[in-house]
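Taking numbering that gives the first Met the number 0, the leading residue of the sequence shown gets 0, the next gets one more, and so forth. Here is the structure we will look at.
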Amino acid sequence: MQQLFKRIKLLTNGKYKIPYCSCLFIEDEINCLIDSSPPDEEMIHLENRPIDMIINSHGHTDHCSRNYCFPSAQVLLHPFEHQRVVSGETYLHDYGFNHFPDNPLKDIYLDAVKFHSRAADGELTDGQVISTGNVEIQVMHLPGHTSGHCGFIFPREGFIFTADIHPDLKPFYAMIDSDIDEFIISIEKIRQLNPDILVAGHGSIVIKDKISQRLAAYRDELFLREEKILKLIKAGKHTVEEMAGEAITFEGKFPAPREIFFLHECVMDWKHLQRLERLGKVVAEDNHYYLR
């Protein structure tokens with residue numbers, strides 16, 4: 000655990016390892032966690048510290064899996080995320096298991112990602128201001144990664160916690176309710192604020208240099224993937240599964256376990272195809288996609 004600002008500590012090991020994330024611990028009149036899935040070696044720092052409130056950026060287990068460890072805490076979460084933190088079946092559905100059902104890892108997936116049902120106690124809304132006493136947190140709805148994904152502005156300290164919008168990683172949008180157009184808008188929303196510091200949820204998380212340019216490159220990765228999909232259609236790949244087999248999101252090679260990352264690729268490619276349909280660049284016929 001490291002001191003980030005006077006009352007804000009950072010729980011991180013600086014690595015990108017699922018199902019964990021980097022979390023903020025605000026030690027104040029109201030003790031508050033921003034996301035609740037720190038690595039095991041960081042979780043020990045919260046022992047014997049009362050947690051009054053948990054603010055979750057979204058409902059992925061790598062950001063909320065330890066909510067259940069704090070039964071007396073008030074959990075706040077965008078309403079679009081509420082159902083999937085309660086129901087394992089909803090969580091699996093939202094990750095596309097029902098759309099691409101022949102996945103041998105479906106039955107063990109929830110345990111693997113440390114899913115624990117814990118209902119939210121309240122809602123987050125765009126522009127909402129939350130005070131822990133001396134620290135003010137402004138909610139910023141940043142959909143795209145998921146429909147209820149949020150970031151948090153800390154105006155007094157001068158930084159934004161952007162959760163799963165990380166300009167040094169690759170965009171990820173593998174949920175049924177993910178949306179690429181919304182993702183682009185969310186990235187631009189952060190850029191327009193011209194922040195001095197971003198704190199992200201994974202990897203090397205404190206970002207201070209060339210933030211606007213790095214966010215623009217992150218956004219442009221979405222357009223590059225779209226061009227690759229158009230080329231795949233032109234080359235004779237017409238189903239989501241055929242396109243996903245090329246692993247364009249993962250630079251041609253799936254990480255292990257392949258079955259899970261192939262599913263993620265299917266959903267993300269499908270999201271691009273939905274956008275390309277809206278743009279009038281492709282047409283769908285019987286689950287086959289063709290250039291218009």
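All C-beta atoms in this analysis are idealised placements derived from N, C-alpha and C, irrespective of residue type, glycine included.
Please confirm whether residue i and residue j have their CB atoms less than 7 Å apart.
i: THR60; j: LYS113; result: yes
i: GLY143; j: ASP176; result: no
i: CYS265; j: PHE99; result: yes
i: LEU75; j: GLY121; result: yes
i: ARG274; j: VAL282; result: no
Take residue i and list the residues in its own chain whose beta-carbon comes closer than 7 Å to its own, dropping the five residues that flank it on each side.
i: THR124; result: VAL138
i: THR238; result: ASN286, HIS287
i: PRO254; result: PHE260
i: ARG224; result: ILE247, THR248, HIS271
i: ASP93; result: ARG83, MET174, ILE175, ASP176
i: TYR19; result: SER36, PRO37, PRO38, ASP61
i: PRO194; result: PHE158, ILE159, ILE210
i: PHE4; result: GLU156
i: PRO256; result: LEU104
Can you tell which of the options has its C-alpha closest to the C-alpha of residue i?
i: GLU241; options: LYS188, LEU214, PRO166, LEU272; result: LEU272
i: ASP167; options: ILE210, HIS140, SER177; result: ILE210
i: LEU36; options: GLU26, ILE29, SER56; result: It should be noted that the sequence gives Ser, not Leu, for residue 36. Out of GLU26, ILE29, SER56, SER56 has the C-alpha closest to the C-alpha of SER36.
i: ILE164; options: SER185, PHE158, SER146; result: SER185
i: VAL85; options: ASP101, SER64, LEU32, SER71; result: SER64
i: SER71; options: ASP51, GLY200, GLY121; result: ASP51
i: ILE136; options: MET0, ARG274, ILE7; result: ILE7
i: ALA173; options: ASN30, SER146, LYS188; result: SER146
i: LYS233; options: GLN191, ASP208, LYS280, ASP34; result: LYS280
i: GLU26; options: LEU76, GLY95, GLY132; result: GLY132
i: GLN82; options: LEU192, ALA118, ILE54; result: ALA118
i: LYS169; options: HIS77, ILE17, GLU220, GLU225; result: GLU220
i: HIS140; options: GLU181, ASP39, LEU91; result: GLU181
i: ILE17; options: PRO38, PRO78, GLY244; result: PRO38
i: ILE29; options: PRO49, PHE4, THR11, LEU45; result: PRO49
i: ASN66; options: GLU46, HIS115, ARG291; result: HIS115
i: ALA215; options: ILE228, GLU88, ILE189; result: ILE189
i: LEU23; options: LYS14, ILE53, TYR15, GLU40; result: ILE53
i: ASP268; options: GLU46, HIS44, PHE69, LEU231; result: LEU231
i: LEU91; options: HIS77, ASP110, GLN73; result: ASP110
i: GLN212; options: VAL128, GLU187, THR11; result: GLU187
Leaving aside the five residues before and after residue i along the sequence, list all residues of the same chain whose C-beta is less than 6 Å from its C-beta, in chain order.
i: LYS236; result: MET242
i: THR161; result: GLY150, LEU197, ALA199
i: PHE79; result: SER146, GLY147
i: GLN1; result: LEU9
i: TYR15; result: HIS201, GLY202
i: SER21; result: THR11, GLY200, ILE204
If you drop the 5 nearest sequence neighbours on each side, which residues of the same chain put their C-beta closer than 8 Å to that of residue i?
i: PHE96; result: ASN102, LYS105, TYR108, LEU262
**Study point:** Length-filtered (3 minimum) beta strand (DSSP E) runs lying within the segment 175 to 242
**Key:** 197 to 199
**Study point:** Given 8 Å, three or more beta-carbon pairs between the segment 234 to 251 and the segment 196 to 211
**Key:** no
Exercise for review: Could I get the ranges of all uninterrupted alpha helix (DSSP H) runs contained in the segment 3 to 60, with 4 residues as the minimum, in chain order?
Suggested key: 39 to 42
Practice item. Go through the segment 100 to 161 residue by residue and report every complete run of the beta strand (DSSP E) that reaches 3 residues or more, in order. Key: 128 to 130, 135 to 140, 149 to 153
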